[in-house]
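Numbering (the working numbering), first residue to last: 5 to 471.
Below is one structure, written out as structure tokens; the observations come after it.
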């Protein structure tokens with residue numbers, strides 16, 4: 005029998021995106037549905053930023069009042085179908101008719117309302133899912149309330165931790181104010197004198213997944229567990245690590261219309277992308293200069309403290325560095341300093357542009373991603389799709405998806421280092437230069453990368469086993 009699965013999430017491409025979560029929710033359902041073993045639908049908040057082309061496709065499903073503690077909030081459910089997936093949107097102007105998706109003082113209340121509205125929708129709709137699959141803290145309350153109330157007889161829940169650092173914390177005394185639950189359920193939400201929505205999802209879910217096998221092990225330790233390691237160890241039999249995939253039809257160097265010269269594994273064609281980008285961003289045009297890319301949110305998690313310690317030393321070599329992203333002021337200022345001092349070697353682009361990022365992936369020879377922690381990471385997977393060799397720290401999904409180059413057998417798909425240490429990163433950067441100059445080693449790496457498949461096919465099968 006085909007399972008009916010409802011994904012509950014706070015973002016999803018092509019509608020709303022702030023990070024990798026949106027890419028996962030935008031691509032995984034397609035692969036699951038293609039198996040003909042389940043039918044996935046997705047329910048999202050209706051943010052004000054939804055583009056007109058999608059607004060014009062919306063149909064009203066129902067209107068009702070959602071209980072939020074002692075009060076009721078207007079709720080309208082809208083829907084559309086896109087590429088065979090049905091999407092539902094929870095519309096409430098008070099909570100979601102704002103600029104942006106996150107960053108408000110009442111974020112936790114907003115997503116508790118969203119969770120309450122999802123459960124009310126299941127009660128009222130003809131659509132009755134067999135499984136509710138919640139993603140990250142914004143859906144933690146939905147998983148918890150679903151398991152407590154069971155709006156469909158026999159319904160099961162899966163909860164996926166995409167990044168355990170972000171947990172959704174409410175004041176201790178907010179339980180009666182936002183939840184419509186008996187006080188006997190308080191312990192499943194309480195954590196360290198607060199209410200914790202991520203903890204609630206982990207505590208109540210029938211199965212828990214996270215986005216790589218290594219991260220599933222890491223978060224059971226105090227260093228990575230962010231205070232939830234004891235709960236995760238208690239539930240270790242229900243915790244499964246499944247590495248994320250990407251939409252390989254979208255991120256495809258042979259098909260991508262965003263890049264000037266499409267290619268599969270041709271080094272000369274890849275170098276054409278490099279020289280075109282060099283000219284575009286006013287770097288010296290030379291196909292033989294190795295180009296390194298950093299495409300990232302500029303936050304501590306991404307290992308930029310290591311980069312700041314050694315990058316100026318490395319740019320004394322005959323290299324070019326292209327940086328795209330924004331974030332914390334100190335990192336932005338450092339990259340400003342470097343690009344001002346070395347304008348022929350360092351090109352900084354603050355902000356983010358999807359099409360431009362793909363031009364950088366396609367042009368660069370190496371991709372630097374030395375994360376402090378990385379649940380899965382999508383950037384290194386995208387880099388592999390465009391034959392940009394990843395240089396990563398062995399943590400979480402980076403460890404699971406980048407095989408270190410073996411100088412004897414010539415196996416491997418990238419370069420990696422174990423400890424969070426700036427000089428280990430610098431050593432790998434110098435090693436990459438040596439590989440680039442050794443045509444046999446460089447060609448071996450490109451050949452290995454061409455054979456890699458990071459589509460959702462294998463991971464989708466693992467989700468089907470859980471369902």
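Using N, Cα and C, we set each Cβ at its ideal position, and we do this for glycine too.
Keep in mind the model is a prediction, meaning the values are calculated, not measured.
Cutting at 7 Å between CB atoms, please list the residues of its own chain near residue 349, excluding the five before and the five after it.
Along the chain shown, one-based indexing puts residue 349 at 345. Here the set comprises 319, 323, 324, 325.
What is the C-beta distance between residue 32 and residue 13, in whole angstroms, given that I count them as a contact (C-beta under 8 Å)?
Here residue 32 refers to the residue found at position 28 when the chain shown is read from its first residue. Here residue 13 refers to the residue found at position 9 when the chain shown is read from its first residue. Rounded, the Cβ-Cβ distance is 10 Å, inconsistent with contact.
If the criterion is Cβ atoms closer than 8 Å, does the pair residue 173 and residue 150 meet it?
By one-based count along the chain shown, residue 173 stands at place 169. By one-based count along the chain shown, residue 150 stands at place 146. Not in contact: residue 173 and residue 150 (Cβ atoms no closer than 8 Å).
As a quick exercise: from 126, 119, 163, 118, pick the residue whose alpha carbon is nearest that of residue 140.
For the purposes of this step, residue 140 is taken as the residue at position 136 of the chain shown. Here the closest residue by C-alpha is 163.
Quick one: measure Cβ to Cβ for residue 458 and residue 402, integer angstroms, because I've assumed they're closer than 8 Å.
Position 454 of the chain shown, counting from 1, holds the residue named residue 458. Position 398 of the chain shown, counting from 1, holds the residue named residue 402. With a Cβ gap of about 13 Å, residue 458 and residue 402 do not count as contacting.
Please state the DSSP three-state secondary structure of residue 1.
Nothing can be reported for residue 1: it is not among the residues displayed for the chain, which extend from 5 to 471.
Exposed or buried, what is residue 53 when buried is set at 16 or more other beta-carbons lying within 10 Å of its beta-carbon?
The residue labelled residue 53 in the question sits at position 49 within the chain shown. The residue in question, residue 53, is exposed, as its Cβ has fewer than 16 Cβ neighbours within 10 Å.
Could you check how far apart the C-beta atoms of residue 395 and residue 377 are, in whole angstroms? I think they sit under 8 Å.
By 1-based counting over the chain shown, the position of residue 395 is 391. By 1-based counting over the chain shown, the position of residue 377 is 373. No, residue 395 and residue 377 are not in contact; Cβ-Cβ is about 17 Å, not under 8 Å.
Using the Cβ count rule (16 or more neighbours within 10 Å means buried), how would you classify residue 124?
Locating residue 124 in the chain shown gives position 120, where the first residue counts as 1. Flag for residue 124 reads buried.
When the Cα of residue 383 is compared with those of 365, 399, 398, 261, which residue comes out closest?
On the chain shown, residue 383 is found 379 positions in, with the first residue counted as 1. Comparing Cα-Cα distances from residue 383 to each of 365, 399, 398, 261, the minimum goes to 365.
Let me check one thing: in DSSP terms, what residues is residue 200 bridge-paired to?
Position 196 of the chain shown, counted from the start, is the residue given in the question as residue 200. Answer is 173.
Tell me whether residue 393 sits in a helix, a strand or coil according to DSSP, three-state version.
For the purposes of this step, residue 393 is identified with residue 389 of the chain shown, where counting begins at 1. Strand, per DSSP.
Compute the Euclidean distance between the alpha carbons of residue 243 and residue 143, then round it to the nearest angstrom.
For the purposes of this step, residue 243 is taken as residue 239 along the chain shown, with counting starting at 1. For the purposes of this step, residue 143 is taken as residue 139 along the chain shown, with counting starting at 1. Taking the straight line from one Cα to the other gives about 17 Å.
Considering residue 329, what are the terminal residues of the beta strand (DSSP E) in which it resides?
Numbered from its first residue, the chain shown carries residue 329 at position 325. Element bounds for residue 329: 324-329.
Pick from 284, 302, 276: whose alpha carbon is nearest that of residue 291?
Taking the chain shown and counting its residues from 1, one reaches residue 291 at position 287. Among 284, 302, 276, the Cα nearest to that of residue 291 belongs to 276.
At what residues does the alpha helix (DSSP H) containing residue 280 begin and finish?
Indexing the chain shown from 1 puts residue 280 at position 276. Unbroken alpha helix (DSSP H) run through residue 280: 271-284.
Which whole-angstrom value describes the C-beta separation of residue 70 and residue 120, a residue pair presumed to lie in contact below a C-beta threshold of 8 Å?
If you number the chain shown from 1, residue 70 lands on position 66. If you number the chain shown from 1, residue 120 lands on position 116. Rounded, the Cβ-Cβ distance is 5 Å, consistent with contact.
In or out: residue 260 buried (at least 16 other Cβ within 10 Å) or exposed?
Position 256 of the chain shown holds residue 260. By the 10 Å Cβ count, residue 260 comes out buried.
Compare the beta carbon distance of residue 338 and residue 312 with 8 Å and say whether it is the shorter of the two.
Taking the chain shown and counting its residues from 1, one reaches residue 338 at position 334. Taking the chain shown and counting its residues from 1, one reaches residue 312 at position 308. Yes, they are a contact pair.
Mind checking residue 388: buried by the 16 CB within 10 Å criterion, or exposed?
Here residue 388 corresponds to residue number 384 of the chain shown, with the count starting at 1. The residue is buried, with at least 16 neighbouring Cβ atoms inside 10 Å.
Within the same chain, show all residues whose beta-carbon is closer than 6 Å to that of residue 100, passing over the 5 residues directly before and after it, in chain order.
Position 96 of the chain shown, counting from 1, holds the residue named residue 100. The residues are 49, 50, 51.
Which whole runs of the alpha helix (DSSP H) in the region 329-377 are 4 residues long or more, in chain order?
For the region 329-377, whole alpha helix (DSSP H) runs of length 4 or above, ordered along the chain, are 333-345, 358-367.
Enumerate, from N- to C-terminal direction, the unbroken beta strand (DSSP E) stretches of 3 or more residues contained entirely within the region 13-37.
Listed in chain order, there is nothing to give.
Residue 400 and residue 407 - do their beta-carbons sit closer together than 8 Å?
Residue mapping note: residue 407 aligns to position 403 of the chain shown, counting from 1. Residue mapping note: residue 400 aligns to position 396 of the chain shown, counting from 1. Not in contact: residue 407 and residue 400 (Cβ atoms no closer than 8 Å).
Just to confirm, are residue 128 and residue 175 a CB contact at a threshold of 8 Å?
Position 124 of the chain shown holds residue 128. Position 171 of the chain shown holds residue 175. No, the Cβ-Cβ distance between residue 128 and residue 175 is not below 8 Å.
Apply the 10 Å Cβ neighbour rule to residue 20 and answer buried if 16 or more other Cβ atoms are within range, or exposed otherwise.
The residue labelled residue 20 in the question sits at position 16 within the chain shown. Classification of residue 20: buried, given that the 10 Å Cβ count is 16 or more.
Quick test of your reading: residue 82 and residue 95, contact by CB under 8 Å. State the CB separation rounded to the nearest angstrom.
Looking up residue 82 in the chain shown gives position 78. Looking up residue 95 in the chain shown gives position 91. Confirmed, Cβ separation roughly 6 Å.
For a minimum of 4 consecutive residues, which ranges assigned as the alpha helix (DSSP H) are wholly contained in the region 97-131?
Here the runs fully enclosed are 97-100, 111-128.
Between which two residues does the beta strand (DSSP E) harbouring residue 71 extend?
Residue numbering aside, residue 71 sits at position 67 when the chain shown is read from its first letter. Start and end: 63-72.
For residue 261, list the residues DSSP reports as bridge partners.
Residue numbering aside, residue 261 sits at position 257 when the chain shown is read from its first letter. According to DSSP, which records beta bridges pairwise, residue 261 is partnered with nothing at all.
Could you say which of 314, 305, 334 lies nearest to residue 170 if we only look at CA atoms?
Here residue 170 refers to the residue found at position 166 when the chain shown is read from its first residue. The candidate whose alpha carbon is nearest that of residue 170 is 305.
If we ignore side chains and look at the alpha-carbon of each, how far apart do residue 27 and residue 254 end up?
By one-based count along the chain shown, residue 27 stands at place 23. By one-based count along the chain shown, residue 254 stands at place 250. Whole-angstrom Cα-Cα distance: 11 Å.
Have a look at 38, 191, 300, 97 and flag the residue whose alpha-carbon is nearest the alpha-carbon of residue 148.
Start at 1 with the first residue of the chain shown, and residue 148 comes out as number 144. Selected option, being the one with the closest Cα: 191.
Looking at the structure shown, is residue 238 part of a helix, part of a strand, or coil, going by DSSP?
Numbered from its first residue, the chain shown carries residue 238 at position 234. Residue state, collapsed to three classes: helix.
Check whether the Cβ atoms of residue 463 and residue 246 lie closer than 8 Å to each other.
To locate residue 463, count along the chain shown from 1; it is residue 459. To locate residue 246, count along the chain shown from 1; it is residue 242. Yes, these two residues count as a Cβ contact at 8 Å.
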